[in-house]
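Here is the structure we will look at.
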Amino acid sequence: MEADLGTKLDWAAVDHFNTGHPHTHIVVRGRDDRDRDLVIAREYLSEGFRERVQAQVSLDLGPRSEREIAQALQVEVSQERLTSIDRQLRREADDQGYVMGGHRDTVMRAARAGRLVKLEALGLAERASGGRWRLDPEMETTLRQIGERGDIIKTLHRALTDRGLEATLSETQMHLPSSDSSLSAGTLTGRLIERGVLDEQSDRHYVILEGIDGRTHFVDIGQGTATEALPKEAILQVTSRQPDIREVDRTVLAVAQANGGYYTTEMHLRFDLTARLSFAETHTRRLEAIRRTTGAIDRLPDGRFRIDPDYLDKALAYERKDVARSPVSITVQASRTLDKLVSYKGVTWLDRQWVTGRSTDYAHTGFGQALRSALQARRQWLLEEGLWMPVTGPGAETLDPSVLKTLHQREMTEVAVGLEAITGKTCRTVPRGGLVEGRLREIIATESEKYAVVERAKDFALVPWRPVLDKHIGQEVSGLMREGGINWTIGRARGLEID
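The sequence shown begins at 0 in numbering that gives the first Met the number 0 and counts up by one.
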């Protein structure tokens, strides 16, 4: 490659055996003769590099014998995935997709004939006159999808076998964005069996869930960076995302229409006198995200965004791109295993199922049955703790919502006592309307929620967590405790406000 490209290259390689097809990943980095980032032609990567590797292997191991070539081609004839024979047929096809079935080499001629019959059976090729065949325009895409489905079935089988689980193909379901079995119908809830990489080149990840419906589900979750690490055996809720115009986009357009086609935070605050600065800034962040991702919006040097009349179309295009990158949203309903949820001292997902009356909405097989048993065990634990307060009425037995408040207070007390032992400081209660101020010590995650720990010289307070606080651990913060949360100010002086 260095000889072909005329420059020195840095590279690293790793062998992978995580699919039914052992393969090697190679990362290459280099600079061109002008010391700029090296750009390698797509054709060289797909064809030239392959030929180089084949030539090197032939030098090391010797050329393949005619028998080895014939055996390899014969294996490809019946495969339900994209093969080298398919690639050769596609290269030789004309603009209308017609290709000659014959070949001057007898071995290749036999392989092509057999492969075309297989493609015909798959509905991807049809016979024409004069020994010609017409290939389906979507042949390569379809074969890749069929191959991917086969790999998924193998992955499912391995994951279930490794954990001593049994499931027939009829008890499994694949949810892929490009298929009819996508999660477009709504929401899926289940226990995480495995998370892995579906396509390393595009960073597509998957999760395998034991569903509450008693079935096993394979879900393409899109780019791995869009989903945080998931606890082992966590109970997840997976919801399909649909591209749609958001209310924030309609507000941006309304502000721009009142300001000659431009948007700034200041224009927003003049347009809506009830809007807070932090609220207006979310619109600016939205516009900046669309600008960076699509380039469809201009930001002038003075900070103004130029908003065209077709802005909503641009926002929808951004949403479609974002959903393609991350087709589902994942919410962790429970990070602990079922056996640990049964005796947990705080609020659990099991308690919420009792409150909402969903304690019987589960299958009698697989994880559904395990969940039914855990719910009954949780009920018994609550009885022993003197906390079971059923709600009388028609239908299934439910739990009084007030029990959740009691469990929440128990959890907070346990967290506070633990922190008091660690810090030597006392936990103070902040009443509604009270001031919270001090150094943001840490974020504590429990089964039911997260707390921010704000400490002063002699005491600390446990207050509701907000995602934006993660960036300010160790800094001085202050705010007023309100019914809907806390209006935070970051820094000793008046600084960044966060609703």
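All C-beta atoms, glycine included, are put in the ideal place defined by N, C-alpha and C.
Other residues of its chain near residue i: CB distance less than 8 Å, five sequence neighbours each side excluded
i	result
G494	For G494, the pLDDT reaches just 45, beneath the cut-off of 50, and the residue's location in the model is therefore unreliable, although a value from the coordinates is still provided. The residues are T488.
V106	E65, I68, A69 and L72
L340	A333, T347, W348, L349, A373, R377 and E446
L229	L191, R194, V206, L235, I329 and V331
G223	V196, D202, R203 and H204
V390	E396, T397, L398 and D399
T6	G29, R30, D31, D32 and L37
A92	V98 and L134
Proximal residues to residue i (C-beta, below 6 Å), its chain only, five neighbours per side dropped
i	result
L406	G345 and V346
G213	A362, T364, G365 and G367
I39	none
V237	L187, V218, V327 and I329
T281	none
L468	A451
A564	Look at the range of the chain in this structure, 0 to 498, and you will see that residue 564 is not part of it.
D321	none
G260	I306
K454	A quick correction: the sequence has Glu, not Lys, at residue 454. If we look at E454 and ignore the five residues flanking it on each side, its Cβ neighbours are G437, R438 and R440.
R371	Y361
Cβ pair residue i, residue j closer than 7 Å
i	j	result
G131	G221	Rather than Gly, the amino acid found at residue 131 in this sequence is Arg. No, Cβ-Cβ distance for R131 and G221 is not below 7 Å.
D458	R431	no
R290	P242	no
I84	R114	yes
G210	G185	no
M266	V251	no
D297	R285	no
G96	R126	no
S239	V327	yes
V462	A444	no
L311	D248	yes
L187	T171	no
Y317	T292	yes
D9	R28	yes
L44	L142	no
V402	L382	no
A288	T264	no
When the options are compared against residue i, the one with the closest alpha-carbon
i	options	result
A460	D469, E446, I442 and E50	I442
V196	F217, S83 and G210	F217
A11	T23, R108, A158 and D135	T23
D31	R49, R51, L4 and A288	L4
H204	L175, S57 and T188	L175
A395	M411, Q144 and S358	S358
I145	R351, L164, E227 and G122	G122
H15	L418, S342, I25 and V453	I25
L208	K470, D219, E384 and L81	D219
G423	G356, A456 and M411	A456
R303	G47, D309 and T283	T283
L88	P136, A120, S57 and L434	P136
R86	D104, R63, R111 and G101	R111
M480	D360, G433, E448 and W464	G433
A257	R80, G47, P308 and E287	P308
G100	G129, R80 and E75	G129
D198	A120, E147, T355 and T215	E147
F48	M0, A279 and V76	M0
R90	Q55, E79, R63 and E42	E42
A295	T264, L272 and K313	K313
E448	K404, I421, V13 and K470	K404
T215	L268, Q375, A2 and R157	R157
V354	K153, M388 and Q379	M388
Close Cβ partners of residue i (< 7 Å) along its chain, the five nearest in sequence each way excluded
i	result
G315	The sequence given here has Leu at residue 315, not Gly. Closer than 7 Å at Cβ, skipping near neighbours: P242 and I244.
E482	R431
A492	With a pLDDT of 44 at A492, under the threshold of 50, the modelled position of this residue cannot be trusted, and the question is left open.
A415	C426 and L461
A369	L337
Inter-stretch contact at 8 Å, needing at least 3 Cβ pairs: the stretch 433 to 452 / the stretch 470 to 485: yes
Ranges of the beta strand (DSSP E) found wholly within the stretch 67 to 122, counting only runs of at least 3: 97 to 99
Uninterrupted beta strand (DSSP E) stretches inside the stretch 426 to 459 (no shorter than 3 residues): 434 to 444 and 449 to 454
Length at least 3, wholly inside the stretch 317 to 396: the beta strand (DSSP E) runs in chain order: 327 to 333
Complete runs of the beta strand (DSSP E) confined to the stretch 461 to 486 [at least 3 residues]: 475 to 481
Contiguous beta strand (DSSP E) assignments of at least 3 residues, all confined to the stretch 150 to 174: 171 to 174
Any beta strand (DSSP E) of 3 or more consecutive residues that is wholly inside the stretch 16 to 54: 22 to 29
Secondary structure, alpha helix (DSSP H): runs of 4+ residues fully inside the stretch 221 to 274: 246 to 256 and 264 to 270
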